[in-house]
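See structure below.
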Amino acid sequence: MNCASVIRRVSSYIDGDLEATIVEEIELHLKTCRDCTILVQQTRLTVRLYYDSDLVDYPVEVQARLHETLRRKICKDPN
Amino acid sequence: MALYCATLALHSIQPGLLAHLAKAPTLSTSNPHRLPSNVVREDEHLLVAAAKAGDAAAFEELVNRYEKKIFRLTMNITRNNEDAEDAMQDAFMKAYSHLDRFQEDSRFYTWLVRIAANEALMRLRKRRPNQFSLDEPIESEDDFIPQQIEDWGPSPEQRFAQTEMRDILRGVIEELPPDFRIVFLLRDVEGLSTQDTAEAVGISEAAVKSRLLRARLKLRQKLNTRFRQDGKR
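In the order they appear, the protein sequences are chains E and H. Residues in the first sequence are numbered from 1 upward in steps of one, following our numbering. Residues in the second sequence are numbered from 1001 upward in steps of one, following our numbering.
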C-alpha cells in the first residue's frame, strides 16, 4: 500500500471501519512511513480536540427565551 | 426553573418516574457533570414515554438535558445567533408536537439532533443558498493529499492555554466549507452514526464518509498551520 492509499483510508482506519486485511496493510506501511504515521496521529488528535471542546457559549438569556417560548406554546396546546 | 404548565404536569407525572429520577444526577445547566454525547442516560426512555403520555414535566427534563448541546449544534451550523436560537426553539417545539412519531428503538437525542440539524440547515440554505450542496463536491486528488506533514512537537494541549486552544479550534472550523463542517459536527462532535448523519443531512452514507475524510484532513491541515505559527511566537 502506498501513501495515497493510506490517506484515502485514514478516516475509516481511525474509526475502526476497515476489514482486518486492509488494517494489516496500513499498519505494515506505517511501520516504515514517518509521514503517514504523523498524519494518522494528527488526524486522530484533531478529532479528539474537537470532541472534547465546547466552542459555543449558551447565554442565559437564550436559555430563558427557550423555556418561556416552550412554556407558552405547550401550555396553550398540551400535545 | 418553573415547570411547564405546572398544574397539568403535577397531575400527570408518574410517581415511579419521579422516584427513579431522584436517584439519578440531573444534567441540568446547573450541574457541571455533563456526559459525553454518546452516553445514554438509562432513564431517557422513561422520560420519553412520560412525555408521550402528555407529561410536560418529563419533556422539560429532556429539554434541560439537551438544550445546551442543541444550541451548540445549531450555532455551529448556522454561525448566526438569531438563526441558531430560532432553529433550537423550533426543533424543541417540533420534537414535542411530533413525539408520537418517535420510534423508541432509536435514541431520543439522535432523533432530536436530526430535527435540529434540519432546522439549522434550512436557515443556512436560506441565508447562503450557494454554500451548501447535496451533491458531492468535486475535488481533485490534490485537494485532499496533505500539503505539509510536520511533527507538532510537544502536545498542543500542553502548549496552549485552554482559552487560546478554544479560539484556535473555533477559528479553524469556521473556515471549513459548510458541506464539510456539518458532517464533521454531526459525526465527530455530536457522535451520530454515519447512517444517522446521512439521514439528517439528506445525503448518502458514501457521501458522509467522503466529506468526513476531507473535513478531518482539512482541519488537520489548518491546525498544522496554526500550531506552527502560534508555536513560534
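All residues carry an ideal CB built from backbone N, CA and C; glycine is no exception. None of these values were measured; they are calculated from a predicted model.
Does DSSP put residue 22 (chain E) in a helix, in a strand, or in coil? On the first sequence, position 22 is the one that residue 22 (chain E) refers to. Of the three classes helix, strand and coil, the one that applies to residue 22 (chain E) here is helix, per DSSP.
Report back the beta-carbon spacing between residue 1087 (chain H) and residue 1123 (chain H) to the nearest angstrom; my notes put them in contact at under 8 Å. For the purposes of this step, residue 1087 (chain H) is taken as the residue at position 87 of the second sequence. For the purposes of this step, residue 1123 (chain H) is taken as the residue at position 123 of the second sequence. Contact holds; Cβ gap of about 6 Å.
Do residue 5 (chain E) and residue 1213 (chain H) count as a contact pair if the criterion is CB distance below 8 Å? Within the second sequence, residue 1213 (chain H) is the residue found at index 213, counting from 1. Within the first sequence, residue 5 (chain E) is the residue found at index 5, counting from 1. Contact: no.
Buried versus exposed, by CB contacts within 10 Å (16 or more), residue 1090 (chain H): By one-based count along the second sequence, residue 1090 (chain H) stands at place 90. Buried is the call here.
Nearest to residue 70 (chain E) by alpha carbon, out of H:1075, H:1073, H:1062, H:1074? Counted from its first residue, the first sequence places residue 70 (chain E) at position 70. Here the closest residue by C-alpha is H:1062.
Contact residues within the stretch 1086-1115 of chain H, judged by C-beta distance below 9 Å to chain E: 1088, 1089, 1092, 1093, 1096, 1097, 1099, 1100
Is there a C-beta anywhere in chain H that falls below 8 Å from the one on residue 53 (chain E)? Mapped onto the first sequence, residue 53 (chain E) falls at position 53. So, interface residue.
State the Cα-Cα distance for the pair residue 1064 (chain H) and residue 38 (chain E), rounded to the nearest angstrom. As a position in the second sequence, residue 1064 (chain H) is number 64, starting the count at 1. As a position in the first sequence, residue 38 (chain E) is number 38, starting the count at 1. Their backbone Cα atoms lie some 41 Å apart in a straight line.
If you compare alpha carbons, which of H:1114, H:1073, H:1177 is closest to residue 51 (chain E)? On the first sequence, residue 51 (chain E) is found 51 positions in, with the first residue counted as 1. Cα-wise, what sits closest to residue 51 (chain E) is H:1073.
What three-state label does DSSP hand residue 56 (chain E) in the structure shown? The sequence position of residue 56 (chain E) within the first sequence is 56, counting from 1. Coil, per DSSP.
Along the alpha helix (DSSP H) that carries residue 1076 (chain H), what are the first and last residues, could you check? Numbered from its first residue, the second sequence carries residue 1076 (chain H) at position 76. Its alpha helix (DSSP H) spans residues 1056-1078.
So that I know if they touch, is there some Cβ in chain H lying closer than 8 Å to that of residue 40 (chain E)? As a working mapping, residue 40 (chain E) is identified with position 40 in the first sequence. Chain H contact via Cβ: absent.
Residue 73 (chain E) touches chain H at which residues, Cβ-Cβ below 7 Å? Translated into positions along the first sequence, residue 73 (chain E) becomes position 73. By Cβ distance, chain H contributes 1093.
Where the alpha helix (DSSP H) through residue 1090 (chain H) begins and ends: Start at 1 with the first residue of the second sequence, and residue 1090 (chain H) comes out as number 90. First-last of the alpha helix (DSSP H) with residue 1090 (chain H): 1081-1097.
Would you check if there are 3 or more beta carbon pairs closer than 8 Å linking the stretch 46-61 of chain E to the stretch 1164-1172 of chain H? yes
Mapping DSSP to helix, strand and coil, what is residue 2 (chain E)? Stepping through the first sequence from its first residue, residue 2 (chain E) is reached at position 2. Three-state result, residue 2 (chain E): coil.
Does the pairing of the stretch 1177-1187 of chain H with the stretch 1214-1221 of chain H give three or more beta-carbon distances under 8 Å? yes
Identify each residue in the stretch 1041-1069 of chain H for which the Cβ-Cβ distance to at least one residue of chain E is less than 8 Å, and report them in chain order. 1054, 1056, 1059, 1060, 1063, 1067, 1068
Starting from the C-beta of residue 1109 (chain H), find all residues in its chain whose C-beta is less than 7 Å away, skip the five residues before and the five after it, and write them out in chain order. Here residue 1109 (chain H) is taken as the residue at index 109 of the second sequence, counted from 1. Counting only Cβ-Cβ distances below 7 Å, and skipping sequence neighbours, we find 1066.
Within the same chain, show all residues whose beta-carbon is closer than 6 Å to that of residue 30 (chain E), passing over the 5 residues directly before and after it, in chain order. As a working mapping, residue 30 (chain E) is identified with position 30 in the first sequence. Excluding residues within five positions, the ones whose Cβ falls inside 6 Å are 36, 37.
Tell me which residue opens and which closes the alpha helix (DSSP H) that residue 1171 (chain H) is part of. Working through the second sequence from its first residue, we reach residue 1171 (chain H) at position 171. Its alpha helix (DSSP H) spans residues 1162-1174.
Return the residues of the stretch 1148-1181 of chain H that lie within a Cβ-Cβ distance of less than 8 Å from chain E, sorted by chain order. 1149, 1150, 1151, 1152, 1156, 1157, 1165, 1166, 1169, 1170, 1173
Relative to chain H, which residues along the stretch 6-21 of chain E have a C-beta separation below 9 Å, given in chain order? 7, 8, 9, 10, 11, 12, 14, 15, 17
Could you pull the start and end residues of the alpha helix (DSSP H) that residue 1156 (chain H) belongs to? Numbered from its first residue, the second sequence carries residue 1156 (chain H) at position 156. Element bounds for residue 1156 (chain H): 1156-1159.
Any Cβ of chain H within less than 8 Å of the Cβ of residue 69 (chain E)? Mapped onto the first sequence, residue 69 (chain E) falls at position 69. Chain H, which has a Cβ nearer than 8 Å to the Cβ of residue 69 (chain E), makes this yes.
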